[in-house]
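Peer 1:
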Amino acid sequence: MKKKIFVISLAVAVLAIAIIGGTLAWFTDEKEATNTFTVGDVSILLREPLWNGIDFDEEWEDVGYDPNRSPALGVDNAYNLVPGRLIGKDPQVKNDGKNACYVRLVLTSDDITTAEMWNAVISEVIQNQDTTNWDWSVDGSSVYVSYNAVLEPEGTTGPAFTGLKIDENATEADITSVFGGDGKLDLVVTAQAIQAEGFDGDSTAAWDAFEG
5 MKKKIFVISL AVAVLAIAII GGTLAWFTDE KEATNTFTVG DVSILLREPL WNGIDFDEEW
65 EDVGYDPNRS PALGVDNAYN LVPGRLIGKD PQVKNDGKNA CYVRLVLTSD DITTAEMWNA
125 VISEVIQNQD TTNWDWSVDG SSVYVSYNAV LEPEGTTGPA FTGLKIDENA TEADITSVFG
185 GDGKLDLVVT AQAIQAEGFD GDSTAAWDAF EG
């Protein structure tokens with residue numbers, strides 16, 4: 005008997021507001037401003053408290069730049085990017101559904117279009133990467149950061165990383181070599197989940213099914 009697969013996708017962005025979501029072949033339910041599409045009882049939350057100050061116990065909302073906020077959030081430090089300044093960004097996921105699931109983050113950017121550019125961003129810009137609990141892989145114009153355990157209902161991951169920073173000694177040429185000609189980085193983080201049941205502990209098979 006063919007098993008039904010439950011999937012979910014939601015997203016937030018840093019340095020540019022870009023909300024995206026997935027479409028499914030089944031009936032869907034849209035919730036909140038993050039364009040969360042769910043099927044069945046798979047449900048996740050994506051939060052970045054160092055970026056916008058919103059945790060899992062709070063409703064998601066867009067938080068804008070505030071020059072008077074103290075301490076400054078990532079959204080504030082990103083407004084006027086200064087080499088050497090840490091931009092707080094700590095994507096993490098909670099399973100607020102009823103079924104155990106696999107989760108992953110997908111990093112995309114219109115400004116980073118090759119694996120070579122992504123490898124430079126990972127090694128030089130993304131700070132405090134958790135490579136123990138998350139598996140990192142570059143696939144062309146995207147980075148997949150997969151949580152390497154099943155996330156049980158009400159379970160939360162730790163952050164995959166905790167910030168972005170350009171080296172304080174970076175020159176304009178260094179920055180454009182990483183980000184492209186305009187030296188701009190619009191980074192979108194998408195959280196995805198798929199039910200764990202039915203894959204016999206094989207997360208690779210689960211994500212292959214997710215991709216369809």
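First residue of the sequence shown: 5, per this note's numbering; consecutive thereafter.
Just so it is clear, CB atoms sit at the ideal spot from N, CA and C, and this is done for glycine as well.
1. Let me make sure I understand the geometry here. Which of Ala195, Thr175, Glu215, Val97 has the alpha-carbon closest to that of glutamate 158?
2. When the distance is taken between beta carbons, is alanine 197 closer than 9 Å to isoleucine 48?
3. Check whether the segment 51-65 touches the segment 115-125, counting contact only when three or more Cβ pairs, one atom from each stretch, lie closer than 8 Å.
4. Just curious, the alpha helix (DSSP H) that serine 127 is in, first and last residue?
5. Specify whether the segment 164-173 and the segment 78-94 touch according to this definition: at least 3 beta carbon pairs, one from each stretch, less than 8 Å apart.
6. Can you look up methionine 5 in the DSSP assignment and give me helix, strand or coil?
7. On the DSSP letters alone, give me the boundaries of the beta strand (DSSP E) that aspartate 114 sits inside.
8. Note the first and the last residue of the continuous alpha helix (DSSP H) segment covering isoleucine 67.
9. Please name the residue in Thr175, Pro53, Leu189, Arg108 whose C-alpha comes closest to that of isoleucine 130.
10. Classify asparagine 72: buried if its beta carbon has 16 or more other beta carbons within 10 angstroms, exposed otherwise.
11. With respect to the beta strand (DSSP E) encompassing aspartate 139, which residues constitute its N-terminal and C-terminal limits?
12. Does the separation of the CB atoms of asparagine 99 and valine 107 fall below 9 Å?
13. Using DSSP bridges, identify the partner residues of asparagine 99.
14. Of all the beta strand (DSSP E) runs that stay within the bounds of the segment 183-214, which reach a length of 3 or more residues?
Peer 2: Reading from the atomic positions:
1. Closest option to glutamate 158, Cα to Cα, is Val97.
2. It is a contact, given that the beta carbons lie within the stated cut-off.
3. In short, these stretches do not touch, since the Cβ pair count stays below three.
4. Per DSSP, serine 127 belongs to the alpha helix (DSSP H) from 119-128.
5. Taking 8 Å as the limit for Cβ pairs, the verdict is that the segment 78-94 does touch the segment 164-173.
6. Model confidence at methionine 5 stands at a pLDDT of 40, short of 50, so the residue's coordinates are unreliable; what they give is reported in the following sentence. Coil.
7. Neither: aspartate 114 is in no beta strand (DSSP E) and is coded neither H nor E.
8. Just to set this straight, residue 67 is valine in the shown sequence, not isoleucine. No alpha helix (DSSP H) contains valine 67, which DSSP labels as neither H nor E.
9. The shortest C-alpha to C-alpha distance from isoleucine 130 to any of Thr175, Pro53, Leu189, Arg108 is the one to Leu189.
10. Exposed: under 16 other Cβ atoms inside 10 Å.
11. That run of the beta strand (DSSP E) goes 138-143.
12. Taking 9 Å as the cut-off, the beta carbon of asparagine 99 is found closer than this to the beta carbon of valine 107.
13. The partner list for asparagine 99 (beta bridge, DSSP) reads Ile48.
14. Segments of the beta strand (DSSP E) lying fully in the segment 183-214: 191-199.
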